[in-house]
Structures are given as C-alpha cells and as structure tokens.
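Novice:
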Amino acid sequence: MTKEDIKKYLTWKWGAIAALCIIFLAVLLIRIFSPDDEAAASGAEPSGPQEVLSGFYSALVSGKTAEAESWCDTIAPVMEYVGNFTGRTQTLFSEAGDALAIVPDMIRVRVTGTKKSRDGMEVAFSLCLESAGKGDGEPEEKEMSATMRQEGGQWKITDITAE
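Under our numbering, the sequence shown is numbered contiguously, ending at residue 610.
#1: Please report the straight-line C-alpha distance between V570 and A593, rounded to a whole angstrom.
#2: What are the start and end residues of the beta strand (DSSP E) that includes G495?
#3: Do you know how far the Cα of L476 is from the Cα of K460?
#4: Could you have a look at W602 and say whether DSSP puts it in helix, strand or coil?
#5: Buried or exposed, going by whether 16 or more other CB atoms sit within 10 Å of the CB of S505?
#6: Around the Cβ of G510, are there at least 16 other Cβ atoms within 10 angstroms (buried) or fewer (exposed)?
#7: Exposed or buried, which one is G529 when buried takes at least 16 other CB atoms within 10 Å?
#8: Among K563, V508 and R596, which has the Cα closest to the Cα of I554?
#9: Smallest Cα separation from C519: which of A465, L500, L467 and R557?
#10: Hey, how far is the Cα of T561 from the Cα of R535?
#11: Return the residue from the list L457, G502, K455 and G495 that minimises the CA-CA distance to R596.
#12: In the structure shown, what three-state DSSP assignment does R557 receive?
#13: Measure the C-alpha to C-alpha separation of E577 and M568 and round it to an integer number of angstroms.
#14: Measure from the alpha carbon of V612 to the alpha carbon of each residue in S564, K589, K450 and G599, then state which is nearest.
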C-alpha cells in the first residue's frame, strides 16, 4: 500500500464517520423535539383542559349526549352529571328545539387554574353564558371544577362539581 492509498482510505473513513455522526445527530434531534404520545404520532393534536371542557359543554348544551360522553371517562362520577343535565334539559330541547340552536355559541369555558393531583389534574374553570347581543352587560359566570385524567394521550373528564 502506498502513502497515497492510505491517505485516500483515511479520507474516505473520516467522511463516512462524519456522515454517520450527522445522521445520528439528526435522528437524536428529531426524537428530542418531536412529541412522543400516541395522539401526536397518529396526527391528532392532543387537547388540553380548555379544549376538552369547551368540546364537552358545546356537545352537552346541543343535546348531543353521545358526543359529550366521548369527552368523559364513562365509568366515572361525571356520567351522573351528564345524566342529570340531560334529564333536566330533555323536555326543554323537545319544546324549544330550534330556538336553542344558538346556545352552544353563547357558552364559553375559561380555565382559571390547574393543579396536578394524585389521579390526574384538577381544573378550576368558569362556565360563562354570554348574551346574544354585543355589549349587553357582563356575561353570567358560574365557578366550577373538574377532575381529569389522561387516557391514550387524551384528557378525559372524570368529575365536575360546582364551587
């Protein structure tokens, strides 16, 4: 082997090592900065407490009980809350039907605090009913709290209580 052959070999070897290091670094950076939960891997965005509670109340006041239940842990105390709400509003929906179609657009959920708990997360929130006309005064608010836990990368409501 000549000196020139050795030089070519070392140059090729260092180039291959540099390429492998770059590939390793790229894979490492992708793993570090990409979300690792199932929802992100499937392309679905994980929902936080605000989105979960908004989706839940939007479905609940629209009379879409099955959709509201999809935001809940169906074997938890929150199902009693859903049942009570549905029972109280069932006749109202049958009598007023189309007149209640604007109510979901008037309901707003505002998360005021979160705290990790042994079973998941405790969320303090305000349930606001805004008036249909703009500037007709302050919206009515009710302070509530919810307990949530993660299930398959998605937050599920386990209980809701009025404060």
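Backbone N, C-alpha and C fix where the C-beta goes; we use that ideal spot for every residue, glycine too. Bear in mind the structure is a predicted one, so any value in this text is a computation, not a measurement.
Specialist: Here's the rundown:
#1: Straight-line Cα distance between these residues: approximately 5 Å.
#2: Unbroken run through G495: none, as it is neither H nor E.
#3: Distance from the CA of K460 to the CA of L476, rounded to the nearest whole angstrom, comes to 24 Å.
#4: Shown here, W602 sits in a strand according to DSSP, grouped into three states.
#5: Taking all protein chains in view, the Cβ of S505 is crowded by 16 or more other Cβ atoms within 10 Å, so the residue is classified as buried.
#6: That one is buried.
#7: Residue identity differs from the one stated: residue 529 is Val in this sequence, not Gly. Burial call: buried.
#8: Comparing Cα positions, the closest option is V508.
#9: For C519, the closest C-alpha among the options A465, L500, L467 and R557 is that of L500.
#10: Just so you know, the alpha carbons of T561 and R535 end up roughly 29 Å apart.
#11: Considering only alpha carbons, the answer is G495.
#12: Look at R557 here: in three-state DSSP terms it is strand.
#13: If I take the Cα positions, the gap works out to 27 Å.
#14: The structure shown does not extend to residue 612, since the chain is modelled only from 448 to 610, so the question has no answer here.
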